[in-house]
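Novice:
In our numbering, the protein residues as written are 63 to 318.
#1: If you follow the beta strand (DSSP E) that residue 119 is in, where does it begin and where does it stop?
#2: What whole-angstrom Cβ distance do residue 78 and residue 88 have, given they're in contact under 8 Å?
#3: Going by other Cβ atoms of all chains shown within 10 Å of its Cβ, with 16 needed for buried, is residue 69 buried or exposed?
#4: Give me, in chain order, the residues of the same chain whose beta-carbon lies closer than 6 Å to that of residue 298; leave out the 5 immediate sequence neighbours on both sides.
#5: Based on the DSSP secondary-structure assignment, which residues constitute the bridge partners of residue 209?
#6: Can you check which of these residues, 187, 194, 186, is closest to residue 179 by C-alpha distance?
#7: Among 285, 113, 295, 307, which has the Cα closest to the Cα of residue 275?
#8: Are the segment 151 to 163 and the segment 181 to 200 touching by the rule of at least three beta carbon pairs closer than 8 Å?
#9: For residue 126, list the residues DSSP reports as bridge partners.
#10: Run through DSSP, which three-state label would residue 246 get?
#11: Would you call the segment 122 to 142 and the segment 240 to 253 in contact, with 3 or more CB pairs under 8 Å?
#12: Below 8 Å on the Cβ atoms is my contact criterion, and I expect residue 224 with residue 209 to pass it. Report the Cβ-Cβ distance as a whole number of Å.
#13: Thinking residue 167 and residue 241 are a contact (beta carbons under 8 Å), I'd like their distance in whole angstroms, please.
#14: Hey, out of 131, 106, 119, 270, whose CA is closest to residue 290's CA?
#15: Is there at least one non-hydrogen atom of the ligand PLP closer than 7 Å to the beta-carbon of residue 118?
#16: Residues in its own chain within less than 7 Å of residue 229 by CB, not counting five upstream and five downstream?
#17: Which value, in whole angstroms, describes the spacing of the CA atoms of residue 75 and residue 152?
#18: Which stretch, first to last residue, makes up the alpha helix (DSSP H) that contains residue 252?
#19: On the criterion of 16 or more Cβ atoms from any shown chain inside 10 Å, does residue 234 qualify as buried, or is it exposed?
#20: For a minimum of 3 consecutive residues, which ranges assigned as the beta strand (DSSP E) are wholly contained in the segment 253 to 306?
#21: How many angstroms separate the CA atom of residue 265 from the CA atom of residue 203?
#22: Relative to the alpha-carbon of residue 197, which residue among 156, 154, 150 has its alpha-carbon at the smallest distance?
#23: Using a Cβ-Cβ cutoff of less than 6 Å, which residues in the same chain neighbour residue 190 once the five nearest sequence positions on both sides are dropped?
#24: Taking only the alpha-carbon atoms, compute the straight-line gap between residue 255 and residue 282 and give it to the nearest angstrom.
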């Protein structure tokens, strides 16, 4: 980062600057949560910016830059010196991290790459941002969703269970089941189920029911995936599920 300031101050300035360009304010609670910052120190810095005539509180817990030459100059400098992030540079340079996240698991468990990267964007930004090709933006409420700023990638990334819940819900082409299969030992299936929508819960349940039947292994969950399994989804994805089982030698062991 170009400015010799702490991560906390840089994060606050970056969010205020990006929001200023989009004519938005920012919710402080999200800055604290997404960047993992100390709430008291964030508000202390905001009060300093207020006293310097740079920022103002526009509502309970919501702040924005003032419309002054001093504030605009600072915002433009912050935006000019913001670090990019390779293929995600548009988001790193243009969109406040409190208003979007990239829904991508922490590692790729399948051969190839998704046709498009799923990005979940706050509905407030619909019509305000113009994502480049290669992204599948979904505009919706971010209330209750789990994401964090990645200091290495310079973008907001969803937590693993949140990303899989979103991929199941919004990207039918993404092989979420394959990722789940390879990471059953540590994934919280109940958390995925809680965060996805009803139709996608049926998709998840259908796969788990198939996997339980094919492998004979217990899959511990707090929901009844056999009851929620959908025959129509199984018929559509049976080839995919079967290939996954055969590819991992389970079918030969079980003679399925």
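For each residue, glycine too, the CB sits at the ideal point set by N, CA and C. The structure presented is a predicted model; accordingly, all values stated were derived computationally and were not measured.
Specialist: Judging by the given coordinates:
#1: For the purposes of this step, residue 119 is taken as the residue at position 57 of the chain shown. Its beta strand (DSSP E) spans residues 117 to 121.
#2: Within the chain shown, numbered from 1, the residue matching residue 78 stands at position 16. Within the chain shown, numbered from 1, the residue matching residue 88 stands at position 26. Going by Cβ atoms, the distance from residue 78 to residue 88 rounds to 6 Å, so yes, they are a contact pair.
#3: For the purposes of this step, residue 69 is taken as the residue at position 7 of the chain shown. When all chains shown are included, residue 69 counts as exposed.
#4: Along the chain shown, one-based indexing puts residue 298 at 236. Counting only Cβ-Cβ distances below 6 Å, and skipping sequence neighbours, we find nothing.
#5: Translated into positions along the chain shown, residue 209 becomes position 147. Paired residues: 220.
#6: Residue 179 sits at position 117 when you count from the first residue of the chain shown. Among 187, 194, 186, the Cα nearest to that of residue 179 belongs to 194.
#7: Taking the first residue of the chain shown as position 1, residue 275 is located at position 213. Of 285, 113, 295, 307, the residue nearest in Cα terms is 307.
#8: yes
#9: Here residue 126 corresponds to residue number 64 of the chain shown, with the count starting at 1. In the DSSP output, where bridge partners are listed per residue, residue 126 has 118.
#10: By 1-based counting over the chain shown, the position of residue 246 is 184. The answer is coil: DSSP assigns residue 246 none of H, G, I, E or B.
#11: no
#12: What you label residue 224 is simply residue 162 of the chain shown in a count that begins at 1. What you label residue 209 is simply residue 147 of the chain shown in a count that begins at 1. That pair is a contact at about 6 Å.
#13: Taking the first residue of the chain shown as 1, we reach residue 167 at position 105. Taking the first residue of the chain shown as 1, we reach residue 241 at position 179. The pair is a contact, with the Cβ atoms about 5 Å apart (cut-off 8 Å).
#14: Stepping through the chain shown from its first residue, residue 290 is reached at position 228. Checked all of 131, 106, 119, 270; the closest Cα to residue 290 is 270.
#15: Although the ligand PLP was asked about, the structure shown includes no ligands whatsoever.
#16: The residue given as residue 229 occupies position 167 in the chain shown. Closer than 7 Å at the Cβ level, and outside the excluded window around residue 229, lie 165, 180, 236, 238.
#17: By one-based count along the chain shown, residue 75 stands at place 13. By one-based count along the chain shown, residue 152 stands at place 90. Roughly 18 Å between the two C-alpha positions.
#18: For this step, residue 252 is matched to residue 190 along the chain shown. Its alpha helix (DSSP H) spans residues 251 to 257.
#19: Along the chain shown, read from residue 1 onward, the residue named residue 234 stands at position 172. Exposed: under 16 other Cβ atoms inside 10 Å.
#20: none
#21: Position 203 of the chain shown holds residue 265. Position 141 of the chain shown holds residue 203. For residue 265 and residue 203, the distance between alpha carbons rounds to 22 Å.
#22: If you number the chain shown from 1, residue 197 lands on position 135. The candidate whose alpha carbon is nearest that of residue 197 is 150.
#23: What you label residue 190 is simply residue 128 of the chain shown in a count that begins at 1. Answer for residue 190: 84, listed in chain order.
#24: Position 193 of the chain shown, counted from the first residue, corresponds to residue 255. Position 220 of the chain shown, counted from the first residue, corresponds to residue 282. Answer to the nearest angstrom: the Cα atoms are 13 Å apart.
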